[in-house]
Each structure stands twice: as C-alpha cells, then as structure tokens.
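First the structure, in the form of structure tokens, and then the observations on it.
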Amino acid sequence: MKIRTKIILLSSAIGSLILVSFAVYVSYFTAKTLESKFYIRLEENARMLGTHVFNSKSYKDKGYYELSNQFINQFSLGRNFLVRVEKNRKQPRYEPLLPMSNAFFEEAIEKGKAELMMGDTAYVALFFEDKDHDKNLVVVSSAVDDFGIAEHKDLNRALISGIVIFLFFIFLISFYFADKLLNPIASINKRIGLINISNLNLRLSTKKTKEKDEIEVLITNINDMLSRLEIAVKSQRSFISNASHSLRTPMTIISGESELALHSLDPKHPAHYSLEMVSREVDRMNLIVNNLLLLSRTGYDGKVQNMSYVRIDELLYNVKESEGYLNDNHRIFLDFSNIPEDSNLLTVYVNQDLFFIGLSNIISNACKYGNEKEVKVSIEVDHSKIIIRVVDQGIGIPDQDKPHIFESFFRASNVGSIYGNGLGLVLAKNIFELHDASLTINSTEGKGTVVTITCPIAVL
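Given below as structure tokens:
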C-alpha cells in the first residue's frame, strides 16, 4: 500500500472515529436529557393527582377525572393508576395490572419516588403517606414521549448526515495534504530515477532557505552521498584501467620472452617445462586482466553503445564456431526446431560484441564443466521474449555454492582442476542486464545445469 493511501485512510479513520464518538456522545446525553425532562412532567402530573385525592372527600370525584383526562390528552398513551398499600407493607397486597415488578413499588415507598422506562413507555410512581386512613397511596403515571422520540430521531438523522458530509471533507483535506506532503518525495524519486552510473554529476535541487525541513535535509544528504559515490566510481574506474594497462606491458614482455626461449630450447631441456608453465600462466593472467577490464566497463557504465539489430540464431552459430575453433573437444548442438518462421521474431537489439561475449561465456562454461558430453543450446519464442536454454550433463553446482555463483572470483567447490577464474558468469550476467535480459540457473550436482537467458525481441 502506498504512503499516500495510508495517510488518506489513516486521516479518514481518525476523523471518522472522532466524529462518531462525538455523535454517540451527543445522541446518548440528549436522549438522557429528554428522558429526564419527561420524567419531571410525569412526576408533576402524578403529584397533582395525588394531592387532589388527599384534599377531596371522595376517592375519585369529578375533579380527579378532569385532571386525568387533561393528562391523557397531553401525552401519548397517558394513563394514571392509584395503588393503595397497607402501612405495614412495602408492596401492594395484590399486584396491580402493571408490567413492572414489586421492586418498583418498593423503591417508590422507600425513596418516595421511582422511575422506570420500558420500551418507549415511561413510568413514574410517587408515594403519599395517608395519616387519616389505614392505607397509604402510590400514584403511577405512564406515557410515551412522542415529541422527545421524534426530536431524538431528528437529531440522529442530522448527526448521521453531518458525519457523512464531514467525512467527505476530511477525505478531500487528507488527499490535499497527503499530495502536498508527498509531492517533494515524488520529485526526489523522479530525479533519482534519472541518475545512473553514467551521469553521477546530476544532483537533486534544493530550496535556498535558511530553515530546512526534513525533506531538505534528506536532499542534502542524498547529494552528499552522490558526491562520495561519484568520487569512488571515478577512483575505481581509474584504478582498474591503470592497473590493467600497467600489467599488460610486463605480461606481454614475459609472454614474448618465454615463447622465444621455448623455440630456442630443446624440448628435452629441463627448463622447457618451466617455460611452458610460465607461458600458460601469463596467458591466464592476460585473460583475467581482460575480463577485469571488461567487467569494470559493463558493471559501471549505465549505457551500451554501438547497438544494432542482430539475429540471435546467427549469433549463437558464431559462438559455436568460435568455441569449436578454440577447443576441438567442445561438442555443441544447436536445436533450432522451435524457432518461428518469421525471422523478425529472432532479432534482438544489442551490442553484438558484448552479447557474443556473454553467450560465449555461458556456453564455454557448459562445455568446460560438462564432462566432455554434448551441450544442447535451444531457442524458443514466447510472446515478446526470446528464450535461450543452454543444457549440459556435467558436474552441476552444489547447493551450498548456489548463493555465491554470481560473486566475482568465486568457483564452485567441485570444479577440481578445471581451468577458470570465476569471472565469466559475473561478466555474462552484467552484459545481459545491460540489455534488459535475465539470466537464471537451475543446477543439480552430478546431473548437470540448465542456464536460461530471456531477452526482449527487438521492435523493428
């Protein structure tokens, strides 16, 4: 998930939580306030009825019914109940036709008042002590607060609609600030994407202000790092180039002198074998130096020059011819049975010399470590990709060595005395990556290795 999306979602979630909490708080306490006010109105009605009953001579006279009807007309489902309770009891002897339990009446008798909400119906009971009779009086008034319920529903609807509207604005504001906060980072990423090993002189632009925020500090640190990296790359290029050229001169002299001495000496002379070893090791050193120089160029140069359109089948045929010329024991079989009829589908846009070296290194390794068995090279076309597979039946690669096969100068533990310098595979990988091609290796020790090279078809 992108940081922009996280900021928007997090801001919206926090805003939603605050709004919903506030709405619940307002709704709950509004409901409690309306309920409390309605209890007061019911209590006033019950008090008037109880006072009238005590002051009148009859139990329920005309005045009682007038007050009761006035109450009924004022409230929805309004009802009044007069309950007589013996003075030595805390609850009626006979349960009245009311839905509440005797605990409601006990509370009214002990505290003088009891309140109860059952569904939408509110009940208020007031206790009156009657000194002139043997029974006390409990007046119960009940009703439904239609007005309060309607007001509460209207409030809830207003809160919900307000939450939706405010959430929309919170989302817009979050999007705006996320965009404003992350735009500098997007600009940094875009600029960094333009910087590679061939143009390390590029730098990120900064604002000329005295006070620097975290983004400005990050830009400054990145620019400092690029400066150090540029110096390091230049030093490394210079060292490899100078070292390679400095080594070539004495090695050329040693090689020439050893060849001259070999031709001058009799093959049976004791020094003849030593001179052969010197000549062979000089050739090996020359190969290492050349590979190091080429590796430095492919590993530290972001651009490939002298690109051209090349047919991959013809390039593989040239590699086979070259390997056969260098070593008669290298047996290579080119399997072109799956190539398409359209030759354009076999065309790649590459530097022919570099790609030749990459393919030659892979096929040469297959021949060297293939137990002198035939190496099969096949071509397939899959959509916009050309797939080259090099299969040998050689010694394979041990599992513990597989994580290190692309490290410079690394050689597998089972190669024994087979000649090599540990640079060919690294060089091939760098060359293929420069051409947007991929290199994968699947190997089983003692059974062989399959190297797969996938490269894009050229757009003509």
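In terms of my numbering, the sequence shown is residues 10 to 469. Glycine included, each C-beta is placed from N, C-alpha and C at the ideal position.
Have a look at the DSSP bridge pairing and note the partners of residue i.
i	result
D401	T458
S387	D344, R398
F248	Partner(s): none; F248 has no beta bridge.
Alpha carbon to alpha carbon, how far is residue j from residue i? Give it in angstroms, no decimals.
i	j	result
L28	F177	12 Å
A22	K11	16 Å
L86	D163	22 Å
S369	Y326	11 Å
V148	E75	16 Å
K15	Q402	52 Å
S253	L302	7 Å
A55	K120	15 Å
V287	S267	7 Å
Q100	E116	9 Å
F184	I17	6 Å
N347	L269	51 Å
Q79	E44	21 Å
V400	S255	39 Å
F441	L284	38 Å
G128	A195	58 Å
L434	E350	32 Å
H61	L146	12 Å
V173	S25	9 Å
I206	A467	25 Å
L274	T258	24 Å
E239	G431	27 Å
D423	E454	Per the sequence shown, the amino acid found at residue 423 is Asn instead of Asp. Spanning the two alpha carbons is a distance of roughly 9 Å.
N97	V33	46 Å
S331	S417	25 Å
Q409	A421	9 Å
N374	H339	10 Å
N198	N208	16 Å
E381	I427	12 Å
Give the range of the beta strand (DSSP E) segment to which residue i is assigned.
i	result
S150	144 to 153
Y358	356 to 360
Y318	316 to 320
L91	85 to 95
So, with DSSP's three-state summary, where would you put residue i?
i	result
A123	strand
A437	helix
G367	helix
N78	helix
Y282	helix
N451	strand
T215	coil
P465	strand
I169	helix
K411	helix
I427	coil
P193	helix
D141	coil
N208	coil
R420	coil
N198	helix
G379	coil
D188	helix
R98	coil
H254	helix
E323	helix
R203	Here residue 203 turns out to be Leu, not Arg, going by the sequence shown. Three-state result, L203: coil.
I406	coil
E442	helix
P259	helix
M294	helix
L269	helix
E116	helix
So, is the C-beta of residue i closer than 9 Å to a C-beta in chain B?
i	result
T130	No chain B is part of this structure, which consists of one protein chain only.
Which two residues bound the contiguous alpha helix (DSSP H) that contains residue i?
i	result
Y37	12 to 64
L135	Unbroken run through L135 is the beta strand (DSSP E), 130 to 137; no alpha helix (DSSP H).
Return yes when the C-beta of residue i is under 8 Å from any heavy atom of the ligand SAH, and no when it is not.
i	result
R98	Annotation note on the ligand SAH: not contained in the displayed structure, which lists no ligands.
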